[in-house]
Amino acid sequence: MAASLSFSGSARLLAALGRSSVLYSSFESRGLHVTAVCFKNRAARIRIGKGDQPLTYEQAHHPHQIAHRKGWLSQHASNIRGEGGAAERTMEDVFIRKFMFGTFHGCLADEVVIKRRGNVLIVCALMLQKMPPQKFYFLIGYSESLLSHFYKCPVKLEIQTLPSKAVYKYI
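According to numbering that gives the first Met the number 0, the sequence shown is numbered sequentially starting from 0.
Here's what the structure looks like:
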């Protein structure tokens, strides 16, 4: 019964719960709401338009195609069996992505890829050429030194600049 219920089984369960006092609160009103099950996977999917909406490579592939057609955006060994610290790595990745988005505001062309190799943290990003090169160099050095101080390990930023966003396809 815990694994799955047929329609008649769930109807009998709801009828039995309805007769008992579980569903009634102190105001004698029903407290259980039931909706239909929706089996559609719609998370992170882009709607098909008229063919004029540009998509990047990350947006063009659906989430279930990770590790088949596209790679992970965070590469580390914390998900191996017996290794700890997966939750800490995830929170660090969220902080690094928000830090990069705030430091290079409006310049990120695509998602940030974070790689951990030994004790070195490598952050790869594609940037738009919206600032002069001197400001880019300053912000790269600023980010590397600040993140190295935060995480107590060497941090290296691998930045490539593009004149405009790289379009993978139009939908």
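Don't be surprised by glycine CBs; every beta carbon is placed ideally from N, CA and C.
Span of the alpha helix (DSSP H) holding residue i?
i, result
"E91", "85-102"
"L145", "132-150"
"A108", "It is not in any alpha helix (DSSP H) - A108 carries neither H nor E in the DSSP assignment."
What are the boundary residues of the beta strand (DSSP E) that residue i is part of?
i, result
"A124", "119-127"
"Q159", "154-161"
"K114", "112-116"
Relative to the C-alpha of residue i, which residue among the options is closest?
i, options, result
"A108", "Q128, G117, I45, E91", "Q128"
"V154", "I95, E57, G81, Y56", "I95"
"Y197", "L145, H148, I158", "Any property of residue 197 remains undetermined from this structure, which presents the chain solely from 0 to 170."
"P132", "E82, S144, R116, P162", "P162"
Tell me which same chain residues have a C-beta within less than 7 Å of the C-beta of residue i, skipping the five on either side of it?
i, result
"C173", "It is not possible to answer for residue 173, since the shown part of the chain is limited to 0 through 170."
One question on the structure: do residue i and residue j come within less than 9 Å of each other, judged by their Cβ atoms?
i, j, result
"F100", "V111", "yes"
"Q58", "Y167", "yes"
"I139", "L120", "no"
"T55", "S73", "no"
Who are the near neighbours of residue i in its chain, counting only those whose CB is closer than 8 Å to its CB and skipping five residues on each side?
i, result
"I47", "I170"
Ignore the nearest five residues each way along the sequence and tell me which others in residue i's own chain have a CB closer than 6 Å to its CB.
i, result
"T160", "M126, Q128"
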